[in-house]
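Residue numbers (my numbering): 2 to 388.
Okay, so here's the structure we're looking at.
Below, the structure written as structure tokens:
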């Protein structure tokens, strides 16, 4: 049976690069174009680009340098940092690689073997980029709450052992697939423990903006210690097609990352920079749409899951969450059996971790009429799977 979860070692790929295997599962199912889709990992917001750029639409193919407001200044003001603490890049996945390369560059004169600890469940490019660029990857887990409700938590004994063996720690504070942000006490403990061990943290924070108005909002770069926060306009702000992201850290780390970016990529494309510069001033429109979708869509999801007595650990913010299927139903079988029969696409939890084989991720990031139809298909799929 194929395995689609992230890899934390090079078994069978010692002289190669492991594939990002969840895409082997997901892309063919996207091609099927199932009528109902609860699989989205990002907000589905229809930006009106001509309206966004207005007369500037006619200049989209012209050079941007000196012609537009530097997006770094907008991000720096939004995050309360200096422009020199911000690097623009081609999306969060490139930000992961730039962050790893910059941090490893700072360590190489002192370390012969670089060890990276990576949180699980996770986005596969985190551990698998570390497998390419570092010497060893250690897996550390975040667990569902014991009573089924609330933040996913860490075992501090496990984490301190992993941190003490590592040079770099990579985390996803807003967990995919749970949608829950790190518990504030756990986050501070992680930052303090890493600091005492002289371990830098690379945080993939592409979903954190959904928590900007919540008490748990606290980007990792604010703890100092050379920690890096990675973000983009893709997941929360529905502009993945322009490939625009950024990293925030101390000036020295950002300067190293900037040189790496210029070595590999040169400069950002003008269309991307023009669209991003305009969109960054109007992110509140998407924030409002997220809250509207939550208010309209989540009651429908709650009702269906309650009907089947499924514990629903609803995240405090954001656009997706996950639940465990009854009767130990395998999520991949559910997605390709009952869901397919009802023309519905969902994401098995096994795409993020081998321990989530019975879990399903669903998103409410689509307009309410489409969501209502998709939830009806989910209800029919659960009925079929449990009959």
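For every residue, glycine included, the Cβ atom is placed at its ideal position computed from N, Cα and C.
This one's a predicted model, so the numbers in the text were calculated from it and none came from an experiment.
Problem - Completely contained beta strand (DSSP E) runs for the segment 94 to 163, where each covers 3 or more residues - result: Along the length of the segment 94 to 163, whole beta strand (DSSP E) runs at least 3 residues long occupy 116 to 121 and 137 to 144, reported in chain order.
Problem - Beta-bridge partners of residue 246, as assigned by DSSP - result: Residue 246 is bridged by DSSP to 90 and 233.
Handout entry: Segment contact flag, the segment 115 to 131 with the segment 166 to 180, C-beta cutoff 8 Å, min 3 pairs
Key = Between the segment 115 to 131 and the segment 166 to 180 there are three or more inter-stretch CB-CB distances shorter than 8 Å, so the stretches are counted as touching.
Handout entry: Proximity winner among 372, 44 and 102, relative to residue 135 (alpha-carbon distances)
Key = Residue 102 is the option with its Cα nearest to residue 135.
Problem - DSSP three-state assignment for residue 61, whether helix, strand or coil - result: It is coil, neither helix nor strand.
Practice task
Return the residue from the list 296, 328, 248 and 320 that minimises the CA-CA distance to residue 310.
Solution key: Taking only the C-alpha atoms, the option nearest residue 310 is 328.
Problem - Residue of 45, 277 and 297 minimising C-alpha distance to residue 70 - result: In this structure, 277 is the residue among 45, 277 and 297 with its C-alpha nearest to the C-alpha of residue 70.
Exercise for the section: Within the same chain, show all residues whose beta-carbon is closer than 6 Å to that of residue 38, passing over the 5 residues directly before and after it, in chain order. Expected result: Within the same chain, residue 38 has close Cβ partners 346.
Practice task
Report the three-state DSSP secondary structure of residue 340 (helix, strand or coil).
Solution key: Looking at residue 340 - three-state DSSP - the assignment turns out to be helix.
Problem - Chain-order list of residues whose beta-carbon lies under 6 Å from that of residue 54 (same chain, five-residue window excluded) - result: Once the five neighbours on either side are set aside, the close Cβ partners of residue 54 are 279.
Exercise for the section: Could you give the DSSP three-state label for residue 325: helix, strand or coil? Expected result: Judged by DSSP in its simplified three-state form, residue 325 adopts strand.
Problem - Buried or exposed (CB count within 10 angstroms, at least 16 for buried), residue 300 - result: Residue 300 should be labelled exposed.
Handout entry: Member of 298, 212, 239 and 59 whose CA lies at the smallest distance from the CA of residue 283
Key = The residue with the shortest Cα to Cα distance from residue 283 is 239.
Practice task
Indicate, with yes or no, if the ligand SAH has a heavy atom lying under 7 Å from the CB of residue 54.
Solution key: With respect to small molecules bound, the structure shown includes none, and the ligand SAH cannot be examined in it.
Exercise for the section: Using 10 angstroms around the beta-carbon of residue 202, count the other beta-carbons present and answer buried if the total reaches 16, otherwise exposed. Expected result: That one is buried.
Practice task
Indicate the three-state DSSP secondary structure (helix, strand or coil) for residue 183 in the structure shown.
Solution key: Looking at residue 183 - three-state DSSP - the assignment turns out to be coil, as it is neither helix nor strand.
Exercise for the section: Spatial neighbours of residue 272 within its chain, please: CB distance less than 6 Å, with the 5 preceding and 5 following residues excluded, ordered by chain position. Expected result: Once the five neighbours on either side are set aside, the close Cβ partners of residue 272 are 61.
Problem - Per-residue DSSP class, three states only, for residue 228 - result: Coil, per DSSP.
Problem - Of the listed residues 383, 370, 384 and 387, nearest to residue 36 (C-alpha basis) - result: Nearest option by C-alpha distance: 370.
Exercise for the section: Taking only the alpha-carbon atoms, compute the straight-line gap between residue 353 and residue 143 and give it to the nearest angstrom. Expected result: Going by the C-alpha atoms only, they are around 12 Å apart.
Practice task
Indicate the three-state DSSP secondary structure (helix, strand or coil) for residue 205 in the structure shown.
Solution key: It is a strand residue.
Handout entry: Assigned exposure category for residue 258 - 16 Cβ within 10 Å defines buried
Key = Residue 258 should be labelled buried.
Handout entry: Buried versus exposed, by CB contacts within 10 Å (16 or more), residue 293
Key = Counting every other CB atom within 10 Å of its CB across the protein chains shown gives residue 293 a total below 16, marking it as exposed.
Practice task
Whole angstroms is fine: what's the gap from residue 29's alpha carbon to residue 338's?
Solution key: The alpha-carbon atoms of residue 29 and residue 338 are separated by roughly 15 Å.
Handout entry: Boundaries of the beta strand (DSSP E) in which residue 171 is found, first to last residue
Key = Residues 169 to 172.
Problem - Span of the beta strand (DSSP E) around residue 313 - result: Neither: residue 313 is in no beta strand (DSSP E) and is coded neither H nor E.
Handout entry: DSSP state of residue 32 mapped onto helix, strand, coil
Key = In the three-state reduction of the DSSP assignment, residue 32 falls in the helix class.
Problem - residue 219 versus 187, 244, 148 and 243, residue with shortest Cα-Cα distance - result: Out of 187, 244, 148 and 243, 187 has the C-alpha closest to the C-alpha of residue 219.
Practice task
From the DSSP output, read off the bridge partner residues of residue 38.
Solution key: In DSSP, residue 38 forms a bridge with 346.
Handout entry: According to DSSP, residues forming a beta bridge with residue 362
Key = DSSP output for residue 362 lists 323 and 348 as bridge partner(s).
Practice task
Going by CA-CA distance only, name the one from 375, 177 and 274 that's closest to residue 243.
Solution key: Looking at the Cα atoms, 274 is the closest of the given residues.
Exercise for the section: Please work out which residues of its chain come closer than 6 Å, Cβ to Cβ, to residue 236, disregarding the five sequence neighbours upstream and downstream, and give them in chain order. Expected result: Only residues of its own chain outside the window of five on either side were considered, and among them 43, 207 and 208 have a CB closer than 6 Å to the CB of residue 236, listed in chain order.
Problem - Beta carbon of residue 366 nearer than 8 Å to that of residue 320 - result: Cβ atoms of residue 366 and residue 320: closer than 8 Å.
Practice task
With distances taken Cα to Cα, identify the nearest neighbour of residue 288 among 211, 307 and 97.
Solution key: Nearest of 211, 307 and 97 to residue 288, Cα basis: 211.
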